[in-house]
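Undergrad: One structure follows; several queries about it will come next.
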Amino acid sequence: MAAASPMPLAELHLHIEGTLEPELIFALAERNGIELPYANLDELRSRYEFTDLQSFLDLYYANMAVLRTEQDFADMTRAYLARAAAAGVRHAEIMMDPQAHLSRGVSLETCVNGVASVLATSEEEFGVSTLLIAAFLRDLSEDSALEVLEGLLAMNAPIAGIGLDSAEVGNPPSKFTRLFARAGEAGLRKIAHAGEEGPPSYIVEALDVLAVERIDHGIRCMEDPELVERLVNDRVPLTVCPLSNVRLRAVDMLAAHPLPAMLAAGLNVSVNSDDPAYFGGYVDSNFAQLESVLGLSEFDRVRLAANSIRSSFASEERKQELLAELSG
Ligand code: ES4
Ligand code: ZN
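Its first residue numbered 55, the sequence shown is counted upward by one per residue in the working numbering.
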């Protein structure tokens, strides 16, 4: 008997550089003549134990050294789409970190075109409609972000929106007021990581100062009942990443994850994989572990999938198509 086809959903919180699997890191290092500081796969895998967000970011940025050519970015993107399609992902809004490549001497054209060339045919090739989101590193300056955004606009990069990621604490949303205003003028969608390690006030700032439409993570909203009420009333989407939160110790263990409380509060939450090559699994593994550890019901799973589709930036037509598939 064939395996049941997975539930259709949208993945809204995914860093393409976080899909770089250890095997591909070794293959690209070999192809590009790059010497890795690990003798073998097991030695690399032994580094995947994180104590907080920064300890992960250090390895995440270091491993990007193997991404040199358009082909490298394209191969990474193709591998993600194949894996995501198997997990039930039918629409993906994919973040990339251009500044993490520019700082290594890789041009905007190389990194953006490498990813975008594969996204252009993702629906035909993988059955996954896609959008590209340029994320900016909040531990760098706003001027750096503005310069890169202008570069993306000048090259007519096929981006649907901008995001804000990297080291959160000490880098509040208000640091990027001009960046988000400029993105708005350019007609781009706006999202930001907030309330992952940072306090609930960063979520408020992202909404009030940056006018974001969606919050990445947002789990720390649960510490502020007034904020929860606002997020529920305004149906603000929160793209939650359970395995990421456990691996980066934002929560102690999956059994203690706030997702069930967030659902019970009526928040518009979805389940996403964040950096699946680093956190122990793609979106299907996130769901499987939620089911086994938290006893997530069929009702909640369908609600989470519907939330992901409705909270996406896909066309109304595509949303209806996927919602019909979900209920069919
Ligand atoms: C990230 Cl989990 C997470 N948080 C913040 N920034 C990131 N970049 C890649 N993954
Ligand atoms: Zn993230």
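Beta carbons are placed, not taken as given, at the ideal position from N, Cα and C, and that holds for glycine.
These numbers come from a predicted model, not from an experiment.
For E177, which residues in the same chain have their Cβ closer than 8 Å to its Cβ, ignoring the five residues on either side in sequence?
TA: Closer than 8 Å at the Cβ level, and outside the excluded window around E177, lie S183, T184.
Undergrad: By Cβ distance, which residues of its chain are closer than 7 Å to Y134, with the 5 residues on each side in sequence left out?
TA: Result list for Y134: I70, T73, in chain order.
Undergrad: Evaluate F127 with the Cβ neighbour count: other Cβ atoms within 10 Å of its Cβ, from every protein chain shown; 16 or more gives buried, anything less gives exposed.
TA: With 16 or more other Cβ atoms within 10 Å, it is buried.
Undergrad: Select from L207, D329, L186 the residue whose C-alpha is nearest the C-alpha of A214.
TA: The residue with the shortest Cα to Cα distance from A214 is L186.
Undergrad: So what's T123 in DSSP terms, helix, strand or just coil?
TA: T123: coil per DSSP, three-state reduction.
Undergrad: Roughly how far, in whole angstroms, is the beta-carbon of V286 from the beta-carbon of L313, given that I think they are within contact range, below 8 Å?
TA: About 15 Å separates the two Cβ atoms, so there is no contact after all.
Undergrad: Is it buried or exposed, V169, if we count other Cβ atoms within 10 angstroms and call 16 or more buried?
TA: So V169 counts as buried.
Undergrad: Put T73 into one of helix, strand or coil per three-state DSSP.
TA: DSSP places T73 in helix when its eight states are reduced to three.
Undergrad: Tell me, to the nearest whole angstrom, how far the beta carbon of S366 is from that of H145; I am working on the premise that it is less than 8 Å.
TA: The Cβ separation is near 6 Å, so the contact holds.
Undergrad: Just checking, does the stretch 230–249 make contact with the stretch 258–276 on the three C-beta pairs under 8 Å criterion?
TA: The stretch 230–249 vs the stretch 258–276: in contact.
Undergrad: Among residues of its own chain, excluding the 5 on either side of Q153, which ones have a beta-carbon nearer than 8 Å to its beta-carbon?
TA: Taken in chain order, the residues that qualify are F190, L191, L194, S198, A199, V202.
Undergrad: If you measure between the beta carbons of A396 and E250, is that distance less than 7 Å?
TA: Outside the displayed span of the chain (55 to 382) sits residue 396, for which this structure offers no information.
Undergrad: Suppose you measure from the CA of A208 to the CA of G241; what does that come to, to the nearest Å?
TA: So the two alpha carbons sit approximately 14 Å from each other.
Undergrad: Contact defined as beta carbons within less than 8 Å: I believe G334 pairs with R301. What is the distance between those atoms, to the nearest angstrom?
TA: The pair is a contact, with the Cβ atoms about 6 Å apart (cut-off 8 Å).
Undergrad: What do you reckon, is the C-beta of D328 under 6 Å from a heavy atom of the ligand ZN?
TA: Checking the Cβ of D328 against the ligand ZN gives yes.
Undergrad: Thinking C-beta only, is V166 closer than 7 Å to A116?
TA: No, the Cβ-Cβ distance between A116 and V166 is not below 7 Å.
Undergrad: Assuming contact is defined by CB atoms lying nearer than 7 Å, are P130 and G217 in contact in what I supplied?
TA: The residue you asked about is not Pro; residue 130 is Met in the sequence shown. Not in contact: M130 and G217 (Cβ atoms no closer than 7 Å).
Undergrad: Provide the residue(s) that pair with I216 in DSSP beta bridges, ordered along the chain.
TA: Paired residue(s): A188, K244.
Undergrad: Taking C-alpha atoms, which residue in E179, P296, N361 lies nearest to R268?
TA: It is N361.
Undergrad: Taking the alpha carbon of P62 as the point to measure from, which residue in L350, G349, V337 has its own alpha carbon closest?
TA: For P62, the nearest C-alpha among the options comes from V337.
Undergrad: Under the assumption that N86 contacts R122 (Cβ atoms under 8 Å), give the Cβ distance between them as a whole number of angstroms.
TA: Indeed they touch by this definition, with Cβ atoms about 5 Å apart.
Undergrad: Give the straight-line distance between the Cα atoms of V282 and A319, rounded to the nearest whole angstrom.
TA: So the two alpha carbons sit approximately 8 Å from each other.
Undergrad: In terms of residues, what are the limits of the beta strand (DSSP E) holding N322?
TA: Here the beta strand (DSSP E) through N322 covers 322–325.
Undergrad: In whole angstroms, give me the CA-to-CA distance for E371 and P291.
TA: Distance between the alpha carbons of E371 and P291: 20 Å.
Undergrad: Per DSSP, which one or two residues make a beta bridge with D328?
TA: In DSSP, D328 forms a bridge with L68.
Undergrad: Less than 7 Å between C-beta atoms, sequence neighbours within five positions excluded: which residues of the same chain meet that for E163?
TA: The answer, listed in chain order, is M209.
Undergrad: For V159, does the count of other Cβ atoms within 10 angstroms reach 16, so buried, or fall short, so exposed?
TA: What sits at residue 159 in the sequence shown is Gly, not Val. Answer is exposed; the Cβ neighbour count stays below 16.
Undergrad: Does A235 come out as helix, strand or coil in the three-state DSSP assignment?
TA: The answer is helix: DSSP assigns A235 an H, G or I state.
Undergrad: When you compare each of R99, E97, A368 to R243 by their alpha carbons, which one comes out closest?
TA: Ranking the options by Cα distance to R243, first place goes to A368.
Undergrad: Counting along the chain, where does the alpha helix (DSSP H) carrying D278 start and finish?
TA: From DSSP, D278 is part of no alpha helix (DSSP H); its letter is neither H nor E.
Undergrad: When DSSP builds the beta bridges, which residues end up paired with H145?
TA: The partner list for H145 (beta bridge, DSSP) reads A64, S183.
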